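As C-alpha cells, the structure follows; a few thoughts come after it.
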Amino acid sequence: MSTSFTKSLQAAEMFPDVPFEAIQKAVEDNKGDLEKVAEELLSYEALTHPKNSEHRPSAVISKPSKPKVNHTKPDVKSPQSDPRLSVLSSLLSCSLDRVKSKYQKTKDIKKTVREIIQLGWNLTDSQLASKYSKQLAVILESKRTNPYLNNLEKRFYLDCLEYFGGDVHRTIQLATWMQNPGSSPKSMPTSKPLPSSSLSSSISLGGPSDPLQEIIDDALKTNKLDLHGLLVSEAEHCVQQVLKSWWKFEMEQRILDGTNLRGKKAMYVGYLDIITGRGFHSSGGVPRLRNLVHRILNSENYIFDDIVLGFKVMGKKR
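So, in C-alpha cells, the structure goes:
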C-alpha cells in the first residue's frame, strides 16, 4: 500500500465527515505532511460544516466564509437509516455521504459496492492479475477454507485490490461481508479503520519510513515474512508484530462472519510463512533466528510446522 494512501486513511480517522476524495487530494497537495493536511481539512470542515466546527481552533481557519443558515427541509428521498451503509463506509474507507449517494442510485448494496470500487482502471484484467499475483495467491488460499468467497468473480477481487492499493486483507474482509451484507457486528468500528497492514504502525520503531515497518507491511500483504539480513532484535520485533496483526485479522473476520472463535486453525487469512534460513552462516553455526522464531511460536501457543527454510504458521491455540 502506498505511503500516500496510508496517510490518507490516517487523516480520514481524524476527519470522518470529510469525503475521502478530498482527504486524498489534501495529502497529495501537501506531500504527505499530516500537520498541513489537518490544517487544510479543518478549513474544509469549517466551510462545509460550520456547525461541526464551532469548537475548532479558529486560528487555523483562514478567511472563513460567512455562516450559511440552512433553511432546507430534510431530503425525503434520502435512504432511510441503514446500518449496512455505515459498515460499508468503514469497509471501503470512504465517506458515508458517498455510500448513501450510490445506494440511493442503485437501491442494491452489492451494486453500490461495485460502483464505488470500479473507477475505470486503465489496466486490463491480465495486467491487474500480474500486478497482484501474490495477493491473488493469498485469496485463492482463503477460498479453500472459505468456499463462499468463490461466489465472487475474479474481476471483483482485481477491482478491490486496485481500490485498496493491493491490501489483500481488506479485499477479503469486504468480500466476506458481501456474502452477508446484513451482518452488523457490535465490534465493527464506526470510524474508518486502518488497513490490517497498518495495525502495528503506531508501535513502529521509526515511523512510516522505517524499513522494519515496510517488512511488516509486506509480510501482512503476502503472508510471507523473510528475516534474512535482520539483526536478532529486529527480527524479534517483526515476528511479534506480524503474528499479532495476522491473528488479529483472523479473529476480526470470524466475528464479522459469525464463525466459531474457538477454532485453532486459520480460516480466513491463509497460512503464514516465516523464513529464517538454515543458519549456516550464523556465528558459531548456531541458527539464532530459527531458534528465536521457534521460541516465540511455542511461547505464544501458535500452531506451526517446520519447513526447509523456516516455519509455516497455521493457527493459534487458546
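To get our numbering, take the position in the sequence shown, counting from 1, and add 108.
Every residue gets a Cβ at the ideal spot worked out from N, C-alpha and C, and that includes glycine.
Here the structure is a predicted model, which is why all the values come from computation and not from measurement.
Could you tell me the distance, in whole angstroms, from the CA atom of residue i to the CA atom of residue j?
i	j	result
residue 297	residue 124	Any answer about residue 297 is weak, because its pLDDT of 35 lies below 50 and its placement is not dependable; what the coordinates show is given next. One C-alpha to the other measures close to 12 Å.
residue 114	residue 370	32 Å
residue 143	residue 400	39 Å
residue 361	residue 140	31 Å
residue 406	residue 274	31 Å
residue 158	residue 194	At residue 158, the pLDDT of 48 sits below 50, so the modelled position is not reliable; the number obtained from the coordinates is stated separately. Taking the straight line joining both Cα atoms gives about 23 Å.
residue 264	residue 271	10 Å
residue 112	residue 192	28 Å
residue 122	residue 262	34 Å
residue 421	residue 381	6 Å
residue 149	residue 201	17 Å
residue 337	residue 209	50 Å
residue 411	residue 206	42 Å
residue 348	residue 333	11 Å
residue 242	residue 233	15 Å
residue 225	residue 260	14 Å
residue 269	residue 126	23 Å
residue 217	residue 223	10 Å
residue 367	residue 239	32 Å
residue 413	residue 267	34 Å
residue 335	residue 213	49 Å
residue 355	residue 246	15 Å
residue 288	residue 215	16 Å
Are residue i and residue j close, meaning C-beta to C-beta below 8 Å?
i	j	result
residue 134	residue 128	no
residue 375	residue 279	no
residue 364	residue 342	no
residue 329	residue 276	yes
residue 248	residue 237	no
residue 196	residue 281	no
By the 10 Å Cβ neighbour count, where 16 or more other Cβ atoms means buried, how is residue i classified, buried or exposed?
i	result
residue 340	exposed
residue 398	buried
residue 323	buried
residue 219	exposed
residue 228	exposed
residue 257	buried
residue 136	exposed
residue 424	buried
residue 378	buried
residue 318	exposed
residue 409	exposed
If we cut at 8 Å on Cβ distances, does residue i have a partner in chain C?
i	result
residue 330	Of the chains in the structure shown, none is chain C; there is only one protein chain.
What residues match up with residue i in a beta bridge as DSSP calls it?
i	result
residue 425	According to DSSP, residue 425 bridges with nothing at all.
residue 415	418
residue 380	421
residue 410	424
residue 373	423
Is any non-hydrogen atom of the ligand SAM found closer than 7 Å to the C-beta of residue i, if you look at the structure I gave you?
i	result
residue 221	Of ligands this structure carries none, so the ligand SAM is not represented either.
_beta strand (DSSP E) segments (min. 3 residues) lying fully within the stretch 188-249_ = The stretch 188-249 contains no whole beta strand (DSSP E) run of 3 or more residues.
*Which runs of the beta strand (DSSP E), 3 residues or longer, sit entirely within the stretch 318-360?*
Listed in chain order, the beta strand (DSSP E) runs fully inside the stretch 318-360 are 332-334, counting runs of at least 3 residues.
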